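Protein chains in written order, with the working numbering: chain A, 80 to 400; chain B, 80 to 400.
In what follows, a structure is listed as structure tokens, so that the remarks can point back to it.
There are 2 protein chains.
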Amino acid sequence: MTAPAVCVLGLGLIGGSLLRAAETTGRRAFGATKSGADAEQARADGFDVLPTVDAALARAAELDALVVVSVPLPAVDEVLRAVNRVAPRCRLTDVVGVKAPVLDAVVRLAPNARYAGGHPMAGLAASGWAVGDGRLFEKAAWMVSVDEGVDLQVWADVARLALDVGAFVVPATADDHDAAVARISHLPHLLATTLAAVGADGGPLSLTLAAGSFRDGTRVAGSRPELVTAMCEGNKVALLTVLDDALGRLGAARGSLASTGSIGVTVRAGHQGRGALDEFEPPELIADLAAPGILATLRELGRRGGRVTGLADTRSAGGPA
Amino acid sequence: MTAPAVCVLGLGLIGGSLLRAAETTGRRAFGATKSGADAEQARADGFDVLPTVDAALARAAELDALVVVSVPLPAVDEVLRAVNRVAPRCRLTDVVGVKAPVLDAVVRLAPNARYAGGHPMAGLAASGWAVGDGRLFEKAAWMVSVDEGVDLQVWADVARLALDVGAFVVPATADDHDAAVARISHLPHLLATTLAAVGADGGPLSLTLAAGSFRDGTRVAGSRPELVTAMCEGNKVALLTVLDDALGRLGAARGSLASTGSIGVTVRAGHQGRGALDEFEPPELIADLAAPGILATLRELGRRGGRVTGLADTRSAGGPA
Numbered sequence: 080m081t082a083p084a085v086c087v088l089g090l091g092l093i094g095g096s097l098l099r100a101a102e103t104t105g106r107r108a109f110g111a112t113k114s115g116a117d118a119e120q121a122r123a124d125g126f127d128v129l130p131t132v133d134a135a136l137a138r139a140a141e142l143d144a145l146v147v148v149s150v151p152l153p154a155v156d157e158v159l160r161a162v163n164r165v166a167p168r169c170r171l172t173d174v175v176g177v178k179a180p181v182l183d184a185v186v187r188l189a190p191n192a193r194y195a196g197g198h199p200m201a202g203l204a205a206s207g208w209a210v211g212d213g214r215l216f217e218k219a220a221w222m223v224s225v226d227e228g229v230d231l232q233v234w235a236d237v238a239r240l241a242l243d244v245g246a247f248v249v250p251a252t253a254d255d256h257d258a259a260v261a262r263i264s265h266l267p268h269l270l271a272t273t274l275a276a277v278g279a280d281g282g283p284l285s286l287t288l289a290a291g292s293f294r295d296g297t298r299v300a301g302s303r304p305e306l307v308t309a310m311c312e313g314n315k316v317a318l319l320t321v322l323d324d325a326l327g328r329l330g331a332a333r334g335s336l337a338s339t340g341s342i343g344v345t346v347r348a349g350h351q352g353r354g355a356l357d358e359f360e361p362p363e364l365i366a367d368l369a370a371p372g373i374l375a376t377l378r379e380l381g382r383r384g385g386r387v388t389g390l391a392d393t394r395s396a397g398g399p400a
Numbered sequence: 080m081t082a083p084a085v086c087v088l089g090l091g092l093i094g095g096s097l098l099r100a101a102e103t104t105g106r107r108a109f110g111a112t113k114s115g116a117d118a119e120q121a122r123a124d125g126f127d128v129l130p131t132v133d134a135a136l137a138r139a140a141e142l143d144a145l146v147v148v149s150v151p152l153p154a155v156d157e158v159l160r161a162v163n164r165v166a167p168r169c170r171l172t173d174v175v176g177v178k179a180p181v182l183d184a185v186v187r188l189a190p191n192a193r194y195a196g197g198h199p200m201a202g203l204a205a206s207g208w209a210v211g212d213g214r215l216f217e218k219a220a221w222m223v224s225v226d227e228g229v230d231l232q233v234w235a236d237v238a239r240l241a242l243d244v245g246a247f248v249v250p251a252t253a254d255d256h257d258a259a260v261a262r263i264s265h266l267p268h269l270l271a272t273t274l275a276a277v278g279a280d281g282g283p284l285s286l287t288l289a290a291g292s293f294r295d296g297t298r299v300a301g302s303r304p305e306l307v308t309a310m311c312e313g314n315k316v317a318l319l320t321v322l323d324d325a326l327g328r329l330g331a332a333r334g335s336l337a338s339t340g341s342i343g344v345t346v347r348a349g350h351q352g353r354g355a356l357d358e359f360e361p362p363e364l365i366a367d368l369a370a371p372g373i374l375a376t377l378r379e380l381g382r383r384g385g386r387v388t389g390l391a392d393t394r395s396a397g398g399p400a
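Here it is in structure tokens:
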């Protein structure tokens, strides 16, 4: 079974890296973007960039390509309307950092698409085609949705693409994913942004003394504000929960420092948390998508932080026996 | 004028790196530590480690060496008592991360020492002799105290040592330093520790999805908890001020996200703050310590985030004309 062609819509850091990476896997790969600058640079670099999103979707329909929506959350609806107009039954995935809102939008705006959402956990501090890198996904976690109603054939398409570009696949539901990234991506961005502002308020002496802890802690505050804002606002409910968690912990630390002069409990809890990250060894699975109850198996694997590191070489679900 | 010998008390990451670095400058360098493990490894690596702190101080008195206190804040008093007993009039500096408490302790416990406190802004996530590195201070900021009563000859000794091991010198008063490091070192540690705990609370899915923003944002949470605790608790007043600043900003972000769904103001402020760090170009000075009003000049330079990048080749202040 040949892997389907890949149609990447949006050629910023992630989309641009994916177009490059997909081509190295031997897949036919093409794309489109509304950014004239990105399109021009991608073409100059020798990639197959169609003049419009509609033109790319028409070709995707013709080839039964896997369409990858790689635009920021606020631009997703417009792309999905084009999908529904031009390639309503296409294989569809996306790489947006929040999954429940995209799933809702697909159900609303492109209900006939064969959809399995995804999210590669890859860098964000710079943006645009020019900073893309075909190796961006190597050793990255690539979440692929295991929500009710997911198309298992498209799930396999996305998982195989992720594996072929060097990532490992983390199966998770949209809600579980969004709760997790609120903790490990959106909260870090908000803390980095807060730290950067407090640090800069200290004036030139603070800036000249700033070393590793401040540089590391504020790195992602250098990301494009529109992208960070869209990402955080798109995950409002989950983010509020973890923000309250963080505020509670910081407030407790403040209270303890002010009253008893001690901050050891906070520091030790953080040290343990970082240790948990360093020591975590995820369970791994070669997934057989034709196995009975595979969706439940994948969901359970994801809850345990597990990774799919390969697909068993059987026919994809729904294919002829 | 030959640079004085260097006597390093405490051979952990910073002291151990400094002993290595001082030796490469051609200075006579020796040390002592209460840690049997660090002493043994340092000796095995060929360094001159005396059996006790008292023995090292006796030699320092004999050679008029520069004594560098490189122990964590809670151990400073004990070392200063030894200084006052064995080498009461020695040239004295320290590398402790909080300066006002050390200055107070010196006034109290070693009042006859010729003292100029210091603080190299160099890494902390690992600790002990074994992880030390003679190049740790290259391109690092090394704060040297310009408080009233500082010994200008010792100031020059410390500054020359810092410059010779590749650092640049930032002159600041103890209070200004402590206010600044609360923002750019102690707050980052507390935020990292909070983030690590909140992230780990998310369980295995969070850990397996954790990528750059979480890893960077929690790196210093891996530091030895006793060191971080001592550092933060030793700077309680300044840290409470910036912690309140951070809590206020995070609380405002939370309120805005909950009520209007918007978080753009926070994200843009952080982006600007990080930009200020990246764009900051510190004024630089070759300092002539014999110039009239030099202390005031240095203080003003520090307030503007400036660096001393060399010492003018005149006699040090207080020397014979």
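Backbone N, C-alpha and C fix where the C-beta goes; we use that ideal spot for every residue, glycine too.
Given the structure is predicted, the values throughout are model-derived calculations rather than measurements.
query	result
For residue 308 of chain A, the first and last residue of its enclosing beta strand (DSSP E)	No beta strand (DSSP E) holds residue 308 of chain A; the alpha helix (DSSP H) holding it covers 304-312.
Short-range partners of chain A found in the region 135-157 of chain B, where Cβ spacing is below 7 Å	none
Closest by C-alpha distance to residue 168 of chain A, when choosing among A:201, A:348, A:247, A:189	A:189
Among A:96, A:315, A:276, A:280, nearest to residue 401 of chain A - alpha-carbon criterion	There is no way to answer for residue 401 of chain A, as the model of chain A reaches only from 80 to 400.
Residue 188 of chain B in three-state terms, based on DSSP	helix
Opposing strand residues paired with residue 132 of chain A [DSSP bridges]	Answer is none; residue 132 of chain A lacks a bridge partner.
Residue 147 of chain B and residue 165 of chain B closer than 8 Å at C-beta	no
Helix, strand or coil at residue 365 of chain A [DSSP, three-state]	strand
Cβ pair count under 8 Å reaching 3, the region 206-214 of chain B against the region 354-362 of chain B	no
Alpha carbon of residue 110 of chain A to alpha carbon of residue 96 of chain B, nearest angstrom	52 Å
Chain B contacts made by the region 206-223 of chain A, where a contact means CB separation under 8 Å	219, 220, 222
Residue 260 of chain B at chain A interface by Cβ criterion, 8 Å	yes
Nearest-angstrom Cα separation, counted from residue 259 of chain A out to residue 227 of chain A	19 Å
According to DSSP, residues forming a beta bridge with residue 172 of chain A	A:147
Outcome for residue 358 of chain A when other beta-carbon atoms lying within 10 angstroms are tallied against a minimum of 16	exposed
Proximity test, Cβ basis, 8 Å: residue 192 of chain B and chain A	no
Where residue 391 of chain B falls, given that 16 or more other Cβ within 10 Å makes a residue buried	exposed
Against chain B: residues of the region 296-309 of chain A by CB proximity under 9 Å	296, 297, 298, 299, 300, 301, 302, 303, 304, 305, 307, 308
Given 8 Å, three or more beta-carbon pairs between the region 232-242 of chain A and the region 267-281 of chain B	no
Endpoints, the alpha helix (DSSP H) within which residue 234 of chain B is located	231-243
Nearest candidate by alpha-carbon position, reference residue 347 of chain A, set B:306, B:353, B:132, B:193	B:306
Residues that DSSP places opposite residue 110 of chain A in a beta bridge	A:87, A:128
Residue 191 of chain A to residue 179 of chain A span [Cα, whole Å]	18 Å
Proximity test, Cβ basis, 8 Å: residue 251 of chain A and chain B	yes
Three-state class that DSSP yields for residue 383 of chain A in the structure shown	coil
Neighbouring residues, chain B, relative to residue 361 of chain A (Cβ below 9 Å)	283, 286, 287
Proximity below 8 Å, CB of residue 235 of chain A to CB of residue 317 of chain A	no
Through-space distance from residue 117 of chain A to residue 351 of chain B, alpha-carbon basis	25 Å
Contact set between residue 266 of chain A and chain E, taken where Cβ atoms lie within less than 7 Å	Looking at the structure shown, chain E is missing, and the protein chains on hand are A and B.
Contact with chain B by residue 326 of chain A, beta-carbon distance below 8 Å	yes
Rounded C-alpha distance that separates residue 376 of chain B from residue 345 of chain B	37 Å
C-beta atoms of residue 222 of chain B and residue 256 of chain B nearer than 8 Å	yes
Member of A:220, A:183, A:172, A:202 whose CA lies at the smallest distance from the CA of residue 231 of chain A	A:172
8 Å Cβ cutoff met for residue 297 of chain B and residue 329 of chain B	no
8 Å Cβ cutoff, residue 269 of chain A in contact with chain B	yes
Cβ neighbours of residue 378 of chain B in the same chain (closer than 8 Å, five flanking residues each side left out)	225, 250, 251, 252
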